[in-house]
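*Asks:* Provided herewith is a single structure, encoded as structure tokens, for subsequent inquiry.
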Amino acid sequence: MEVCAEVKTDMEDVSSKRVSEFLQKCVKLEDNERDAQPKEEIIEVQTLPILTPSYPQTVQEEISMVFNTCAMPANLGPCTRRRREKGSGHDGTSTSLYVDRRKSKVWNYYTKLGDAYVECNVCKKQLSFHNSTTTMREHLVRKHSIRDTLLSQLKDDQIADPDYIAQENAIKRARQLTPENNNQYHTVPCTEPRTDVILELVLEMIFRDLHPLSVVKDKGFGLLIGYLEPSFILPSPMQLSSMLWHRYNVVKQHLEHYLQTAQSIVICAEFWLSQSNQTYLTIMANFIDGEWRRARCILETQQVHENKTESNLGDRLYSVLTDFGLSNKSVFCVMHDSLQDMEMNSSQLKCVYGWTSLCCAAHLLHLCVKAGLEVEQVQEALNAARSIVCYFQQDAKATCSLNSKLEAINKTKLKLVMDTGARWVTTIEMCECLLDLKWAIMSVLEEHPKGTAVVQNLADHQWKLLQDLVPVMRTLKIATSFLREEQNFSISSLMPCIHGIVTAIGQQSEEASGIIKTVVNNIRLELTQRWGILDDEKLLESPAVVASFLDPRFKEMRFLSPSLRSELHKKIKSMLSQFFNHQSPMSTQFWVPNSDYKAEVGEAGNQLSAHKERGPSGQSQSMYDILLGKDPTESMPEIHQQLENYIVEPLCKRSTNPLDWWKNNEHRFPSVARLARQYLAIPATVVPPDQAFAASESALEHRRGVLAPENLDQILFLHQNFDFLESMRNSNENLTKTVHNQF
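At position 242 of the sequence shown the residue is numbered 1387 (my numbering), and the sequence of numbers has no breaks.
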């Protein structure tokens, strides 16, 4: 009886406990139901920063659409829609028959077993559940090392829609957008933002990664999009082409406004071949803006037909400039990368349009090296080296034997390289690899039965020739590394570098063999002729020499003789006088006269007239003139005095960026700075130096070669200019904020 009484008492306690738990759940159920509606309302009005393909009515709205973020209502995922369908009646009113208790991300790893237990989906362990996910979260961290930031940051009472969170995170990762609470952004309503976001991202993928429009018809791409978003319908290439043209026109208008702020523009003309051997001409604009930032924009890419000669290059450039609202006077000079018919083009550019024509430094250097390597003995050694590399590339057994020997000597990272005729940098890499693997290669050729029969090994004198050739070629490679640094992009770094090459390889050949001396003499001869190093008149007319003087790192011009240096200073004075005496009203915005220039007006005296200037101590300057002669600085124009002050300024380190230096010292030498902005804008190469001196074809060169000609111009235009203009806008905004905070 006592046992039964105890059992009855226990049952009553359990029953009482369950009733208490039930009442608590009911209270919590009502609280959740009362709080659920406001939270879902928040989801309805929450916005995502995305781009919309809808066409605004004004240009400002279009520019805002492309270069700023647009706020739109978020698209609810299927999980949220299912919960709403279950929690709302046919009349749209909310019912309390359904409450989704899985508000925490922790429930993605657990299955509920009744009211008191849950089971881990990872290890199948059962845990007790007391209306809290704390124990469940700690189990995931301790036992399975699942430390998802969402698990630690989201509270249990938050609504976590997986589709919504995935969409929001995907957009943020795909595009680094400014927070949506910025009031300057234009808000455009949209009914299906998720579909529009995917459509915009597909378009951006095309011009950012240089894909053809036909990528949307590829089976793999369709399978990927279908898995990630089953309801999304892929656009046709024609629809993408229409969107691409619209985006192109908007960005082009923005670029036109930006180009109008340029003091002067340097045009670069790049000729290149597609994989179908179609010749294209890409026209680029280079300049330095008011904040001393280097700008490089693509204006247009057009086909060059074989039946048309290239003598009309000036007409092509003028047509493109007119299309962007620029006059021919805004162009300072033109740089190209082809010597074919360039004599005719150069004369046309100079006579008709008044443009100076320059050739790409990378192209000229390639021609100089090519002329040096045309020595017969060198060509024989290089051909034998190419045969060895080709043999190992084609024979699998020989390659396996070579790899085994490299593993034994811990040189597995070394690989044989085949050079290409269009890139001389690959020739030195081929020679260096062969010399590093010399003994392993010779051993494999002797051991392999077909080795010596198929390929001829290099003779001892050929190995020696390659060994002596490498230091000379390495000096040239060091020069390209120097020109590839960011602070050396300008043509101002070119002449000191060329003079350094001529001097260095000349010293290296003093104790070399006769063949190497011939190679070095040929290279030096080509360098001196193409850059006019021995022609004083040509040097003084060279924009590269003037640019070097306007670079605070090289203004001493050590590679010039003292007499030639003095002539250069006179030339710069004359340029400054002509430049500022004939400057247009529009060009005066960067020039600020020195306020300290005004001299003190002297008082009337017995020995001086009333208009005479007085010295610092108040004495009339004519008294000093009797002893020391006339002070040259008193009669010197302000712009010439600025030039003299710039000349005596201490040199900067080679690591200094000249644009940064001028940005900080423009107020001291405003007249010289204006001239520097023109000449330092000239790049040393038509394309970026990393691409010009690369050992292999870049991804840009490879991908643009397979694009269809119908949309190639728009894709390359957006690829180069979209991020650039957006970065300029962000820099201007940050500068405005900085100035605002200072005041």
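Backbone N, C-alpha and C define an ideal beta-carbon position, used for all residues, glycine too.
Keep in mind it's a predicted model, so treat the numbers as computed, not measured.
Since Tyr1536 is in the alpha helix (DSSP H), which residue starts that stretch and which ends it?
*Replies:* By one-based count along the sequence shown, residue 1536 stands at place 391. Per DSSP, Tyr1536 belongs to the alpha helix (DSSP H) from Glu1521 to Gln1539.
*Asks:* State the Cα-Cα distance for the pair Leu1494 and Ala1853, rounded to the nearest angstrom.
*Replies:* Within the sequence shown, residue 1494 is the residue found at index 349, counting from 1. Within the sequence shown, residue 1853 is the residue found at index 708, counting from 1. Computed Cα separation, rounded: 31 Å.
*Asks:* Within 10 angstroms of its Cβ, does Leu1373 collect 16 or more other Cβ (buried), or is it exposed?
*Replies:* Taking the sequence shown and counting its residues from 1, one reaches residue 1373 at position 228. Under this definition Leu1373 is an exposed residue.
*Asks:* Three or more C-beta pairs closer than 8 Å, one from the stretch 1605 to 1621 and one from the stretch 1803 to 1814: is that the case here?
*Replies:* No, the stretch 1605 to 1621 is not in contact with the stretch 1803 to 1814.
*Asks:* If you compare alpha carbons, which of Val1360, Val1395, Leu1368 and Ser1376 is closest to Leu1385?
*Replies:* Here residue 1385 corresponds to residue number 240 of the sequence shown, with the count starting at 1. For the residues Val1360, Val1395, Leu1368 and Ser1376, the minimum Cα distance to Leu1385 belongs to Val1360.
*Asks:* How is Ala1839 classed by DSSP in three states: helix, strand or coil?
*Replies:* Position 694 of the sequence shown, counted from the start, is the residue given in the question as residue 1839. Note: Ala1839 maps to coil in three-state DSSP.
*Asks:* Give the secondary structure of Gln1493 by DSSP, where H, G and I count as helix, E and B as strand, and everything else as coil.
*Replies:* Stepping through the sequence shown from its first residue, residue 1493 is reached at position 348. In the structure shown, Gln1493 sits in a helix (DSSP, three-state: H, G or I).
*Asks:* If you measure between the beta carbons of Leu1444 and Ser1635, is that distance less than 8 Å?
*Replies:* For this step, residue 1444 is matched to residue 299 along the sequence shown. For this step, residue 1635 is matched to residue 490 along the sequence shown. Against a cut-off of 8 Å, the Cβ pair of Ser1635 and Leu1444 comes out as no contact.
*Asks:* Check whether the stretch 1857 to 1870 touches the stretch 1642 to 1654, taking contact to mean three or more Cβ pairs, one atom from each stretch, closer than 8 Å.
*Replies:* Touching, no, given that fewer than three Cβ pairs across the two stretches are closer than 8 Å.
*Asks:* Would you report the Cα separation of Trp1676 and Cys1504, rounded to the nearest angstrom?
*Replies:* The sequence position of residue 1676 within the sequence shown is 531, counting from 1. The sequence position of residue 1504 within the sequence shown is 359, counting from 1. Approximately 10 Å, taken between the alpha carbons.
*Asks:* What number of angstroms, rounded off, separates the C-alpha of Glu1686 from the C-alpha of Leu1713?
*Replies:* Here residue 1686 refers to the residue found at position 541 when the sequence shown is read from its first residue. Here residue 1713 refers to the residue found at position 568 when the sequence shown is read from its first residue. Approximately 9 Å, taken between the alpha carbons.
*Asks:* CB-CB under 6 Å to Gln1139, same chain, minus the five flanking residues each way: which ones, in chain order?
*Replies:* What is shown of the chain runs 1146 to 1888, which leaves residue 1139 out entirely.
*Asks:* Leaving aside the five residues before and after Gln1271 along the sequence, list all residues of the same chain whose C-beta is less than 6 Å from its C-beta, in chain order.
*Replies:* Counting from 1 along the sequence shown, the entry for residue 1271 is found at position 126. Excluding residues within five positions, the ones whose Cβ falls inside 6 Å are Tyr1262 and Glu1264.
*Asks:* According to DSSP, Cys1504 sits in a beta bridge with which residue or residues?
*Replies:* Against the sequence shown, residue 1504 aligns to sequence position 359. Looking at the DSSP assignment, Cys1504 forms a beta bridge with His1481.
*Asks:* Which of the three DSSP states, helix, strand or coil, is assigned to Ala1826?
*Replies:* Locating residue 1826 in the sequence shown gives position 681, where the first residue counts as 1. Coil, per DSSP.
*Asks:* Whole angstroms is fine: what's the gap from Phe1352's alpha carbon to Val1691's?
*Replies:* Within the sequence shown, residue 1352 is the residue found at index 207, counting from 1. Within the sequence shown, residue 1691 is the residue found at index 546, counting from 1. Between Phe1352 and Val1691, the C-alpha separation is close to 38 Å.
*Asks:* Going by the beta-carbon positions, is the gap between Ile1650 and Val1617 smaller than 8 Å?
*Replies:* The sequence position of residue 1650 within the sequence shown is 505, counting from 1. The sequence position of residue 1617 within the sequence shown is 472, counting from 1. For Ile1650 and Val1617, yes; Cβs fall inside 8 Å.
*Asks:* Indicate the three-state DSSP secondary structure (helix, strand or coil) for Phe1377 in the structure shown.
*Replies:* Taking the sequence shown and counting its residues from 1, one reaches residue 1377 at position 232. Residue state, collapsed to three classes: coil.
*Asks:* Would you check if there are 3 or more beta carbon pairs closer than 8 Å linking the stretch 1518 to 1535 to the stretch 1562 to 1577?
*Replies:* As far as the Cβ criterion goes, the stretch 1518 to 1535 touches the stretch 1562 to 1577, which means the pair count is three or higher.
*Asks:* Between the Cα of Gly1517 and those of Leu1348, His1847, His1289 and Asn1666, spot the shortest distance and give me the residue it belongs to.
*Replies:* Numbered from its first residue, the sequence shown carries residue 1517 at position 372. It is Asn1666.
*Asks:* Output the distance between the C-alpha atoms of Lys1474 and His1402, rounded to the nearest integer angstrom.
*Replies:* Taking the first residue of the sequence shown as position 1, residue 1474 is located at position 329. Taking the first residue of the sequence shown as position 1, residue 1402 is located at position 257. Straight-line Cα distance between these residues: approximately 17 Å.
*Asks:* Give a yes or no on whether the C-beta atoms belonging to Val1479 and Ser1502 are separated by under 8 Å.
*Replies:* As a working mapping, residue 1479 is identified with position 334 in the sequence shown. As a working mapping, residue 1502 is identified with position 357 in the sequence shown. It is a contact, given that the beta carbons lie within the stated cut-off.
*Asks:* Taking Glu1519 as the reference, give the member of Trp1390, Val1497, Asp1354 and Trp1569 with the closest Cα.
*Replies:* Numbered from its first residue, the sequence shown carries residue 1519 at position 374. Nearest of Trp1390, Val1497, Asp1354 and Trp1569 to Glu1519, Cα basis: Trp1569.
*Asks:* How many angstroms separate the CA atom of Gln1524 from the CA atom of His1593?
*Replies:* Along the sequence shown, one-based indexing puts residue 1524 at 379. Along the sequence shown, one-based indexing puts residue 1593 at 448. C-alpha separation (whole angstroms): 27 Å.
*Asks:* Taking only heavy atoms of the ligand ATP into account, decide whether any of them is closer than 7 Å to the Cβ of Leu1610.
*Replies:* With respect to the ligand ATP, the structure offers nothing, as it holds no ligand at all.
*Asks:* Can you pull the DSSP bridge partners for Gln1448?
*Replies:* Your numbering for residue 1448 matches position 303 in the sequence shown. Gln1448 is bridged to Tyr1425.
*Asks:* Bridge partners of Val1263, per DSSP?
*Replies:* Working through the sequence shown from its first residue, we reach residue 1263 at position 118. Paired residue(s): Lys1257 and Leu1272.
*Asks:* Would Ala1829 and Ala1604 be called neighbours here (beta carbons separated by less than 8 Å)?
*Replies:* Position 684 of the sequence shown, counted from the start, is the residue given in the question as residue 1829. Position 459 of the sequence shown, counted from the start, is the residue given in the question as residue 1604. Going by C-beta atoms, Ala1829 is not nearer than 8 Å to Ala1604.
*Asks:* Among residues of its own chain, excluding the 5 on either side of Lys1288, which ones have a beta-carbon nearer than 7 Å to its beta-carbon?
*Replies:* Taking the first residue of the sequence shown as position 1, residue 1288 is located at position 143. If we look at Lys1288 and ignore the five residues flanking it on each side, its Cβ neighbours are Cys1268.
*Asks:* What residue range does the beta strand (DSSP E) around Glu1811 cover?
*Replies:* As a first step, residue 1811 is located in the sequence shown; it is residue number 666 there, counting from the start. Taken as a continuous stretch (DSSP letters only), Glu1811 belongs to no beta strand (DSSP E), as it is neither H nor E.
*Asks:* For the putative contact between Leu1695 and Ala1530, defined by C-beta atoms under 8 Å, what is the C-beta separation to the nearest angstrom?
*Replies:* Within the sequence shown, the letter at position 550 stands for residue 1695. Within the sequence shown, the letter at position 385 stands for residue 1530. No, Leu1695 and Ala1530 are not in contact; Cβ-Cβ is about 44 Å, not under 8 Å.
*Asks:* Residues bridged to Phe1416 by DSSP?
*Replies:* Taking the sequence shown and counting its residues from 1, the one referred to as residue 1416 is at position 271. DSSP lists Leu1426 as partners of Phe1416.
*Asks:* What are the partner residues of Asn1431, as DSSP defines its beta bridges?
*Replies:* Taking the first residue of the sequence shown as position 1, residue 1431 is located at position 286. Asn1431 is bridged to Val1411 and Arg1441.
*Asks:* Label Asp1482 either buried or exposed according to how many other C-beta atoms from any shown protein chain fall within 10 Å of its C-beta, with 16 as the threshold for buried.
*Replies:* Here residue 1482 refers to the residue found at position 337 of the sequence shown. So Asp1482 ends up on the buried side.
*Asks:* Tell me whether Val1600 sits in a helix, a strand or coil according to DSSP, three-state version.
*Replies:* Translated into positions along the sequence shown, residue 1600 becomes position 455. Coil at Val1600, not helix or strand.
*Asks:* Buried or exposed, going by whether 16 or more other CB atoms sit within 10 Å of the CB of Gly1459?
*Replies:* Mapped onto the sequence shown, residue 1459 falls at position 314. Looking at its Cβ environment, which holds 16 or more other Cβ atoms inside 10 Å, Gly1459 is buried.
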